[in-house]
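S.K.:
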Amino acid sequence: MKQTTDKGFFMDEPLIFERSSVGKKGVEPCPSDVPNHDAASTIPKAFLRDAGDVLNGFPEVSELDVVRHYTRLSQWNFGVDTGFYPLGSCTMKYNPKVNEDAARLSGFTGLHPYQSEATCQGALELMHDLEAYLCEISGMDAVTLQPSAGAHGELCGLFMIAAYFKDKGAPRHKIIIPDTAHGTNPASSALAGFKVVPIKSGANGLLSPEAVKAVMDTDTAALMLTNPNTIGLFERDIKEIARIVHTKGGLIYCDGANMNAVMGLARLSDMGVDCVQFNLHKTFSTPHGGGGPGSGPVGVVKKLEPFLPVPRIRKKGKRFTLVNEIDRPKSIGRMKAFYGNFSIMVRAYAYIRRLGAEGLRHAATTAILNANYIREALKADYQLAYDTPCMHEAVFSDKFQSGFGVSTMDIAKRLIDYGFHPPTVYFPLVVHGAIMIEPTETESLETLDAFISAMRSIAAEAKTEPELLKNAPSNTRVSRVDETKAAREPVLRWRP
Amino acid sequence: MKQTTDKGFFMDEPLIFERSSVGKKGVEPCPSDVPNHDAASTIPKAFLRDAGDVLNGFPEVSELDVVRHYTRLSQWNFGVDTGFYPLGSCTMKYNPKVNEDAARLSGFTGLHPYQSEATCQGALELMHDLEAYLCEISGMDAVTLQPSAGAHGELCGLFMIAAYFKDKGAPRHKIIIPDTAHGTNPASSALAGFKVVPIKSGANGLLSPEAVKAVMDTDTAALMLTNPNTIGLFERDIKEIARIVHTKGGLIYCDGANMNAVMGLARLSDMGVDCVQFNLHKTFSTPHGGGGPGSGPVGVVKKLEPFLPVPRIRKKGKRFTLVNEIDRPKSIGRMKAFYGNFSIMVRAYAYIRRLGAEGLRHAATTAILNANYIREALKADYQLAYDTPCMHEAVFSDKFQSGFGVSTMDIAKRLIDYGFHPPTVYFPLVVHGAIMIEPTETESLETLDAFISAMRSIAAEAKTEPELLKNAPSNTRVSRVDETKAAREPVLRWRP
Amino acid sequence: MPYVSLSDKDVERILKTIGLDSTEALLGTLPDDLRIKDKLDLPDGLAEQELMALMQGMAAKNFPVGRGGLLSFLGAGAYNHYIPSTVAHLAGRSEFYTAYTPYQPEISQGTLQAIFEYQTLVCQMTSMDVANASLYDGASATAEAVLMARRVTGRGRVVLSGALHPEYRRTIKTYLNAASEDIAEALFCTEAGTTLVEAAQAAMGDEPACLVIQHPNFFGCLEDVSALAEAVHRKKGLLIVVVTEPVSLGLLKPPGEAGCDIVVGDNQSFGNALNFGGPYLGFMATKTEFVRQMPGRLIGQTVDRNGSRAFCLTFSTREQHIRRERATSNICTNHGLCALQAAIHLTSLGLSGLKALSEVNLSKAHYLRQRLLETKVCHAAFSAPLFNEFTVRLDKDADAVLKRLLKKGILAGLDLSRFYPALTNHLLIAATELNSKDDIDRFAEELSRA
Amino acid sequence: MPYVSLSDKDVERILKTIGLDSTEALLGTLPDDLRIKDKLDLPDGLAEQELMALMQGMAAKNFPVGRGGLLSFLGAGAYNHYIPSTVAHLAGRSEFYTAYTPYQPEISQGTLQAIFEYQTLVCQMTSMDVANASLYDGASATAEAVLMARRVTGRGRVVLSGALHPEYRRTIKTYLNAASEDIAEALFCTEAGTTLVEAAQAAMGDEPACLVIQHPNFFGCLEDVSALAEAVHRKKGLLIVVVTEPVSLGLLKPPGEAGCDIVVGDNQSFGNALNFGGPYLGFMATKTEFVRQMPGRLIGQTVDRNGSRAFCLTFSTREQHIRRERATSNICTNHGLCALQAAIHLTSLGLSGLKALSEVNLSKAHYLRQRLLETKVCHAAFSAPLFNEFTVRLDKDADAVLKRLLKKGILAGLDLSRFYPALTNHLLIAATELNSKDDIDRFAEELSRA
Ligand SMILES: Cc1ncc(COP(=O)(O)O)c(C=O)c1O
Ligand SMILES: Cc1ncc(COP(=O)(O)O)c(C=O)c1O
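Written out as structure tokens, the structure reads:
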């Protein structure tokens, strides 16, 4: 079975503001059943909008206008439900529908964050148990669910690490980060007040104990690595590296974005990791929402536990309760208001309960299986970045193709013509024209085969018909988008 | 604003059976928590499937396979949410989302039809009140909600009419039906055991009292008409016609499919109608579901009331209860098991409550307004079937175009290229190459204008580039479909 | 006004185009004496928020089956099965549910392919050659099958098993009343609970159009389909098998392999909630030779102008819009979305899932039956084998028992005296995968106390 | 195993291709001493049906706000508004929610156009030049705004109004802790309930980076934004206005017209359910001149190769994936779907709907306040004008009153002593369009009895 795309028509659709017409009404709110309060009677005129103010062109459209607008827009989008989405590092696995149903239960959606604990025991229990599951999966001693995304989790972890050294009376100022790291790693480190010390990965794509040893010192708070790393390789020497860092009193922060490859197979605690964030919107199957919301819980070993953000959830007998800063004097405080992205936690909780230990292990194993299948099948046509079996993703370079004047971007765009979302491109930075393919465990062999066949065709086209690639995509609603113009002549909003 | 379509790609997708691969599993049911019962221990082997029976190629696919399959299929479809759907006689108005939410409340979906009355008072109240609203709207004395669709309602009404005459001891055998009638009218009449007596509408598209008088006799059970009729015209002489029929002891059946044009403006009872079916999936905004389910309640005047199907809902004090055949000896019995398409009733009920009397009237008025706008705007380019102001739909013929070798079908298919669902075509049969346009009240003026502009362009193309029409649609996933081959070489199922 | 997309300005522009100065003038086409002078007497319109509160209030007056609601052991033609989450998500895609019947195949390939697949799934489960797109429900589908059998055989006499769902029988009688009431009933064996072959034979007379049986029958008993097929075939009539619980088809020999000519029934069990009795999903499958006498929509495979595979409605010369009073049926709008939902449920289950589901239902019903019989408060009413439904005879007053159990939140079954006056204190009881062992044990315990 | 699409046969074929004979061999890349020898200690996996029952059970242990649940007058940064049905139906389209951040614009125009429109809606409501795609929530957005103000001004001192949401203040402190804790607090006037201009001025010192105020503030009081703007502008610092209840923007003068430099806040009120505190919708809008210091994703309009309008992520040189440790923020995944939901809610309301909603909220809160004050059990705590939230002082013990009202199913408000020890027996109380007159009257009655 070959995956192809067919011609089809998309409905054209203007901006909602261009659909607007004076006096049209949509879903009007419920009329008031209490006496009307005249704003001007209690609020100074200067605090109020001018009468007749039309909010700068705020839309006036009908309910059907709205429905058609967003229905049509949605059809211009490609999601996991549309097709294969091998976006490396993003773990675009199937987002189970049952999790969506669970998250929409009114017993969850209708909870106010400040309602009394007695009235939200189910929610607290769910959070408490989810923390416990993440501890079990990672081997960490404690978990906070507060951060909103992976980067937020990194920041939270780094704040704790800073606080830990400050608390010891010996603040440290540096974080070692390998050159393969995701951009959020150095950015989070800087935001947390650290100086970033870059370190090169070896020719085999791995971090060497020697390289770490060479830069590790007593002003270094932590080494921040990703395992499996962003090349899809397991850091074999992680235990030794951790020993080196620990010897100098430093800590190991692991970017847990790639946890999908190890859950149920290996525990971060055994590797010497002290702090890790989980990306629930990757490993634990919650959808990405076209750019969030995600959730980035952080796991820590015992010595970092006092620094976790507040509130903490405690089980006292059969009751669940929230512990605040008064009882947690070393806490870094808060990463945000309230308790984190609860509805994302519901989905992750549901996922873990559906799979159980065996299911998680099986998912990780299958993710590795699928990635190695792609790696093997494509290595004749695309240059492997590193010639070792991979974990959950396979990284290629554009070396075989660049000679034909064809770039990684061209390959990526051409894949769209074949009906596939492109892989992650140009990341990690250490690989020339990187093509990072993460198939995940939820894809069928038929899909993998169709993707492989498309990639092979594209490799052939690169030689014989490079124009096909350069003009790609050719069957989408818009052709290649001019991103330079967007930055040079910024239009960041509609204006009347 | 001009409505256009854009190029876009659809994902190709085989039959689900072609996606199947041995051993793949989808959503496995919940494992049993009771002792396994070996079928062969109580059921004769001859009653059981053979071991290893694979049900003739029954699919074996994963959950993600299923999700992608139907997601992709859906994208090949055009619905009201996609765009303008001026399918005459079908009243393709906006299907409010809130009605879908209401119909999905577990307090409705979870009711078993045989649970005791005390446990489903809300459902019975809703049905009781919906009957009352439909009575009020139509002026009928009683309504049954049992029939599943318009045609089912017609049949139910005709059964009652037959029973009525039988009960009087003077069975009648004929039904008069105008030539403009929908196909279900004669088909239902035949199914109910009647002989159909066709009658011609006049040159003005209307039924004349004289024509009715000429065929009406004492063996005629009823005249079955549609008002507004299928040409979109109001039968001005309906009162006189009813008088003629009633004088001979006959009844008036009104096909209520076009009720959208008169709700809140005129009552069928005042016109002399004795029996009418409502198409909740047209007038009362419930979605069509790509071919149902609908709901076809039937309203009757007092003399037909004893014949309504059972059960009937009665309010006794504050309780609602079901009355069965024992207490309704003249009932025709049942049109189906249970009580009708309840979840469709929920939607219609919600619609009526949302709009109220004023909203219904406003909807009808706006539907007429929109239809007349289209009628006026297109009459220079397409020949009006009848030159009188219309009600909710405007009917044109292909006379202006047929000279260019272009058919109504070509015009219809070309509209697809412009992003519109075609109108109803070749119905009513009395109009040559009929093009029947029903815009409904929910469309915006911008949409009507875009449609008008497309129709005008097509009229121009018909003269100058008829090939454009004949080759249309040109931008859909499949080009014009060979319906003749489908009938000549029938393939009605997939086979392994 | 809700759902109307014109502003006042738009209305003005339209009126100007038409050449009228008010909407009142527009309504001039309506004879004045027919106009409603005042407003309809209906409750005032509601804002969406108010409407939703109203609807939640109406729903809250009910006690639905399921978590937090009633524990149900009711079946009798409406089964409480778990619907996979995929069904609502996918059938809830608006391109599917806001479309009309797929008259324009070029922009309806989604519905068309899905229903073509559904037709195939029905054929696969029943082992028949061809299935239609859908009919309203099991009862009306059975009535249509009887009419079809009359057309095929050119005969009038119709024999209905007494163990066919009483509301199905009532529906058939209503449908036939207008034409010819040549209907006879074949008694069931009060010991076995199944249709008596001899009784059926006797009722058929010499020239039966068809014999209609239900399998599993209304009492939950499995019929000897082959034996009954032989009996009616000997007289050149057709055998119509009605399946109200199609989950059984994962386990039972398909009707097509047991000599059946037309299989009809209700596929509500797949993908369609209880919904207080509707919409459900009438289905019909038959042999190729009878297809032109079949009622309802049929989707066929064909090609487009480029030779690509495509689907469209076909055999419409059978239908009302072409054939008018000579059509095989008057059906137009059918139950397409219900069929889509069933298809999604079935494909989500897949081969192994369907079989497993069938087995779980069998096991649950047998466990339930055993537990109930152990209470000694009730006794097996019939001896025939069963699938997921069965009949018991109570020593006590059925009505009182049902009421007492309802107080405990249990819908204990259907009092059969409602339809069979002779079967006093008989309950028809079903179990599905949604009845847990704990639920069943609780039922048994409460019954023993009732 | 759930969600995995390979059959055993498929696994075999893959292994063969890779040249391995077992999946165990495949795991050889993992050092042996790091492998988990036995299974994780987690509950066993569940069938979908079991999972759904479990989740319903967990949900049923809560007492949510709404019909059949609790009657809530809680606000304090999380507001209970009616979400139009369009929101879930449209944002629930899987092409939206199963997509990643729109890195590939050619197949992400849906998300891109929708968020571009959302950015515009935020600008329109706030009267600012430019808004970003989203941030996590109001608190972290405020922290980001403070960091941004420091970058823009090159200064350190940050002054927070004491009437800024305490959890927002705590978040800012956490964010600044690592860098520099040069934070001061500006007291609020205990009589008016608003930020004291003089206190703010004093706290600023000579070179403030910014003054952060909330409007309406945490006590529900309206601040004199222009006066505070003037005060901070006089010292060449920036004014950051935090809006936690953006429904107020339908009625109140937009911050952009009152001299604000950066508006941040939470748009949860639009299209996002309470959800026990998240995900909510951090937003940020500012002036064109500051855009390059702004954190977060920005969607820009551009053209494709054929010159057609198209949208894409832009100004990414501000971001972590390009700029790494020199990025304006570390944010990557943001709250895109929440922004989509807000946009659908806002466009569904439209201009007249937003204004009407704002007015209804104002009226409800004033009616509620009047009814409560009439009970004489509580008194107005502050004199400043309010929008839909206000503070009262109880004559009785707040905790006891809250508990007694909870027994009646009423969440009466937030006990402010939780955050302000001095404000003993003060309750922060909100009303929205979801609190009916009857609800309000019942609250007042129960309060008078409590
Ligand atoms: C390796 C890695 N680390 C960190 C992140 C950041 O996670 P988030 O986008 O949830 O903030 C990502 C996500 O793209 C990632 O791939
Ligand atoms: C005028 C008219 N009458 C009757 C019907 C039949 O209604 P249904 O399709 O609901 O059976 C229709 C529907 O197409 C119609 O347009």
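Residue numbers (the working numbering), protein chains in the order written: chain A, 979 to 1474; chain B, 979 to 1474; chain C, 2 to 451; chain D, 2 to 451.
From the three backbone atoms N, C-alpha and C, an ideal C-beta is built for every residue, glycine too.
1. Within 10 angstroms of the Cβ of residue 203/D, are there 16 or more other Cβ atoms? Answer buried if so, exposed if not.
2. Using a Cβ-Cβ distance cut-off of 9 Å, determine whether residue 5/D contacts chain A.
3. Quick one: list the residues of chain D neighbouring residue 1020/B, beta-carbon separation under 9 Å, in chain order.
4. Alpha carbons only, please: which of 28/C, 49/C and 245/C is nearest the one belonging to residue 1006/A?
5. How about residue 199/C: is its C-beta nearer than 9 Å to some C-beta of chain D?
6. Residue 1173/B bridges to which residues according to DSSP?
7. Counting pairs of Cβ atoms below 8 Å between the stretch 1404 to 1417 of chain B and the stretch 127 to 146 of chain C, do you hit three or more?
8. Taking any Cβ of chain B, which residues in the stretch 26 to 40 of chain C have a Cβ under 7 Å from it, in chain order?
9. Which whole-angstrom value is the C-beta distance of residue 223/D and residue 216/D, which I expect to be below 8 Å?
10. Three or more beta-carbon pairs under 8 Å between the stretch 1177 to 1185 of chain B and the stretch 1256 to 1266 of chain B, yes or no?
11. Would you say residue 1177/A reaches chain D, if we count a Cβ-Cβ gap shorter than 9 Å as a contact?
12. Taking the beta carbon of residue 1019/A as the centre, do at least 16 other beta carbons fall within 10 Å, making it buried, or is it exposed?
13. For residue 1192/A, which of helix, strand or coil comes out of DSSP?
14. If you follow the beta strand (DSSP E) that residue 101/C is part of, which residue opens it and which one closes it?
15. Go to residue 1294/A, then tell me how far its beta strand (DSSP E) extends in each direction, as first and last residue.
16. Under the DSSP definition of a beta bridge, which residues are partnered with residue 1234/A?
17. Check whether the Cβ of residue 1260/B lies closer than 8 Å to any heavy atom of ligand 2, and answer yes or no.
18. Is any heavy atom of ligand 2 found at a distance shorter than 8 Å from the C-beta of residue 308/C?
19. Would you kindly work out how many angstroms separate the C-alpha atoms of residue 979/A and residue 1008/B, rounded to a whole number?
20. Kindly say whether residue 409/C, judged by its beta-carbon, lies nearer than 9 Å to any beta-carbon of chain B.
21. Cα separation between residue 137/C and residue 283/C?
22. Report all residues from its chain with a CB closer than 7 Å to the CB of residue 1174/A; omit the five preceding and five following residues, and keep chain order.
23. Any C-beta of chain B sitting closer than 9 Å to the C-beta of residue 105/D?
24. Using alpha carbons as the reference points, say which of 1374/A, 1460/A and 1271/A lies closest to residue 307/D.
25. Measuring only the C-alpha atoms, how far is residue 1211/B from residue 1108/B?
26. According to the neighbour-count rule (16 or more other Cβ atoms, all chains shown, within 10 Å of its Cβ), is residue 1270/B buried or exposed?
27. Count the other C-beta atoms from every protein chain shown that fall within 10 angstroms of the C-beta of residue 254/C, then say buried if there are 16 or more, exposed otherwise.
28. What are the boundary residues of the alpha helix (DSSP H) that includes residue 1079/B?
M.R.: Reading it off the structure:
1. Exposed, because fewer than 16 other Cβ atoms sit within 10 Å of the Cβ of residue 203/D.
2. Yes, residue 5/D counts as interfacial toward chain A.
3. Chain D residues near residue 1020/B: none, gap ~25 Å exceeds 9 Å.
4. Measuring from the Cα of residue 1006/A, the nearest candidate turns out to be 49/C.
5. Chain D contact via Cβ: absent.
6. According to DSSP, residue 1173/B shares a beta bridge with 1152/B.
7. The stretch 1404 to 1417 of chain B makes no contact with the stretch 127 to 146 of chain C, as fewer than three CB pairs between them are under 8 Å.
8. Flagged, chain order: 27, 28, 30, 31, 32, 35, 36, 37 and 40.
9. Residue 216/D and residue 223/D do touch by the CB rule: their CB atoms are close to 7 Å apart, below 8 Å.
10. Too few Cβ pairs lie closer than 8 Å, so no.
11. The C-beta of residue 1177/A comes no closer than 9 Å to any C-beta of chain D.
12. Counting other Cβ atoms within 10 Å of its Cβ, residue 1019/A stays below 16 and is therefore classed as exposed.
13. Helix, per DSSP.
14. Bounds of any beta strand (DSSP E) do not take in residue 101/C, whose DSSP letter is neither H nor E.
15. Start and end: 1290 to 1294.
16. Beta-bridge pairing links residue 1234/A to 1256/A.
17. Yes, the Cβ of residue 1260/B comes within 8 Å of a heavy atom of ligand 2.
18. No; taking the cut-off as 8 Å, the Cβ of residue 308/C has no heavy atom of ligand 2 nearer than that.
19. Residue placement at residue 979/A is flagged as unreliable, the pLDDT there being 48, under the threshold of 50; a coordinate-derived value is accordingly withheld.
20. By this cut-off, residue 409/C is not an interface position.
21. Distance between residue 137/C and residue 283/C, taken at the CA atoms: about 5 Å.
22. Same-chain partners within the cutoff: 1153, 1155, 1164, 1167 and 1168.
23. No, residue 105/D does not count as interfacial toward chain B.
24. Nearest C-alpha to residue 307/D among 1374/A, 1460/A and 1271/A: 1460/A.
25. Roughly 28 Å separates the two Cα atoms.
26. Residue 1270/B counts as buried, since at least 16 other C-beta atoms from the protein chains shown sit within 10 angstroms of its C-beta.
27. Residue 254/C is buried by the Cβ-count criterion.
28. Residue 1079/B -> alpha helix (DSSP H) spans 1075 to 1081.
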